[in-house]
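S.K.: Following this message is one structure expressed as structure tokens.
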Amino acid sequence: PVEVRWGDAPECRVTLYAESFGRPRLLADLTEAIATAGAAIVAANVEPPSEQRVRHTYTLELPDAAGLPGLMRAMRDVPGVYDVSRAQQPATA
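Sequential numbering of the sequence shown, starting at 1, is according to UniProt numbering.
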């Protein structure tokens, strides 16, 4: 018999909010932190700065849920980011 496997479904899909102060290279630094943590960006939205504050919304896929705390910590470690939180409702992207 021939074994056939289709693409594996993502183990963990999550939507995260990041609150930050606006600065040059912020988006690049955040997406680099996300990629380095092993997550794939499925969808992203960055609201225009309001009084130098920026809100980012990312829908991400991780290999497993165990990587979520480390990912959120890596995002918080990006200079200018002062809060990272998980969306209350399931990701829909």
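Just so it is clear, CB atoms sit at the ideal spot from N, CA and C, and this is done for glycine as well. Everything numeric in this text was worked out from a predicted model, so none of it was measured.
1. Relative to the C-alpha of Glu11, which residue among Glu32, Ala66, Arg55 is closest?
2. What residue from Gly22, Tyr17, Pro1 has the CA that sits closest to Ser50's CA?
3. Expressed to the nearest angstrom, what Euclidean distance is found between the alpha-carbon atoms of Asp77 and Leu71?
4. According to DSSP, is Pro73 part of a helix, a strand, or is it coil?
5. Quick one: using the 10 Å Cβ neighbour count with 16 as the cut-off for buried, is Tyr58 buried or exposed?
6. Beta-carbon within less than 7 Å of Arg55's beta-carbon, same chain only, minus the 5 sequence neighbours each way: which residues are those?
7. Have a look at Thr15, Pro1, Thr36, Met75 and flag the residue whose alpha-carbon is nearest the alpha-carbon of Leu26.
8. Grouping DSSP H, G and I as helix and E and B as strand, with all else coil, what is Asp29?
M.R.: Based on what the coordinates show:
1. Ala66
2. Gly22
3. 10 Å
4. First, the amino acid is wrong: residue 73 is Arg here, not Pro. Of the three classes helix, strand and coil, the one that applies to Arg73 here is helix, per DSSP.
5. buried
6. Tyr17, Glu19, Glu47
7. Met75
8. helix
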